[in-house]
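To start, the structure under review is shown below, and the notes come after it.
Residue numbers (full-length UniProt numbering): 1 to 422.
Below you can see the structure in the form of structure tokens.
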């Protein structure tokens, strides 16, 4: 006979703390590559893809909350519980095989996001201290990363998330100020650089699927945020607030960056800031420094779910949870992230692959299929059509985005010539 339903414990995060965490996760990883995506796709493709993926991922973020409100899973010991993790969402969508598959992809996505954060931070500090090798900077950041992975409660990350948001707001202010104060080309908003409405070359356009999607792909952390909320009923408000702020901020950075640098936009907009001699040096250095600091505020949010899953696996295998293995495990995880970042130093490639292969699967396909299986009989035709469209879009994004993300750079020389020179 099955044991009774086990009610998941409530967390302690307020609406504001959860909103800060959600905004901090959505912003900062992919937003710096958005002007580069506009450079590849032009105004038409960039605007269309940005707003389309914003709408789709907001919808799937809301679906995660609905699934966690309604789905019940029977555990191996006979207990019935709600959805506790993204792996459980995989079980709802694809069954027992999906539990393992999505759980593995979930770990890969967060690991890839952590690698991208480290690359972004190291690239930013390398602009300020060019005499120091980027590899050495990555290992210096390692020390900070380990410290941020120790806390286990998400309410602590609310304060670091606020710091990360402040850093990005400062970047936006400095970017716009520089653009208005400077009258040279490129780098000015008063005298915009040459831009195009259509893609300058059509071949690399599929790469933008992953670049844009990478800015909206924090869904793997949302179940943990939901469970850490003191009032889970406020989760839809958190999603709406987070996506409203993210959409406006992303569009601001993308439009301003592309107007200022046009066809010379680099893979990270902060790299462009450092190339214009007419900008105030101290202000530009502050912007680059803040972008270097910003990823440090996200390591805990991205690494913590990976560590918790590994600790749970060790508990099943070794009958031991946490204790003496907890800190060595998290330290080893941080070492693995640094080593990976040293072997794959290309920020745009990591972001494109992360956004296409993993983000479309995790952030779009899994919530859509899970909700389809749960609510299909009672679903209105309009929602069925929208859900079907989201699924088709996810398949296109996975196939095309992944294929173009792993192409050698020499196949698209015109697009990546400036990137390769940096």
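All residues carry an ideal CB built from backbone N, CA and C; glycine is no exception.
query: Whole runs of the alpha helix (DSSP H) within the region 193-243, excluding any shorter than 4 residues; result: 207-213, 222-227
query: Spatially closest choice to residue 336 from 170, 306, 374, 314, by CA coordinates; result: 306
query: Inter-residue Cα distance where the pair is residue 370 and residue 51; result: 24 Å
query: For residue 214 and residue 377, the rounded distance between their alpha carbons; result: 33 Å
query: Buried or exposed by the 16-neighbour rule on C-beta atoms within 10 Å, applied to residue 99; result: buried
query: Contact check, residue 18 vs residue 219, beta carbons under 8 Å; result: no
query: Contact the region 387-407 vs the region 126-139: 3+ CB pairs below 8 Å; result: no
query: Residue environment, residue 5, which counts as buried when at least 16 other CB atoms sit within 10 Å; result: A caution first: residue 5 carries a pLDDT of 47, below 50, which makes its placement in the model unreliable, though a value can still be read off. Under this definition residue 5 is an exposed residue.
query: Under the three-state DSSP convention, the category residue 73 falls into; result: strand
query: Option in 111, 47, 41 with minimal Cα separation from residue 303; result: 111
query: Outcome for residue 199 when other beta-carbon atoms lying within 10 angstroms are tallied against a minimum of 16; result: buried
query: Alpha-carbon to alpha-carbon, residue 185 and residue 416; result: In this predicted model, residue 416 has a pLDDT of only 46, less than 50, meaning its place in the structure is not dependable enough to derive any value.
query: Among 180, 163, 258, nearest to residue 292 - alpha-carbon criterion; result: 163
query: Backbone secondary structure at residue 112 - three-state DSSP; result: helix
query: C-beta contact flag for residue 398 and residue 361 at 8 Å; result: yes
query: Residue from 265, 289, 387 whose Cα sits closest to the Cα of residue 37; result: 265
query: Classification of residue 206 by the beta-carbon crowding that lies within 10 angstroms, buried from 16 upward; result: buried
query: Chain-order list of residues whose beta-carbon lies under 7 Å from that of residue 183 (same chain, five-residue window excluded); result: 190, 191
query: Whether residue 242 touches residue 22 by CB criterion (8 Å); result: yes
query: Candidates 101, 64, 235, of which the one nearest residue 83 by Cα; result: 64
query: Spatial distance of residue 364 from residue 277 (CA atoms); result: 42 Å
query: Identity of the residues DSSP links to residue 13 by a beta bridge; result: 229
query: Validate contact between the region 223-242 and the region 40-47 using beta carbons, cut 8 Å, 3 pairs; result: no
query: Buried versus exposed call for residue 69 [16 or more other C-beta atoms within 10 Å across all chains shown]; result: exposed
query: Contacts around residue 372, its chain only, beta-carbon distance under 7 Å, and the 5 residues preceding and following it disregarded; result: 387
query: Test item: CB-CB of residue 223 and residue 358 under 8 Å; result: no
query: Straight-line gap, residue 58 to residue 113 (C-alpha atoms, nearest Å); result: 19 Å
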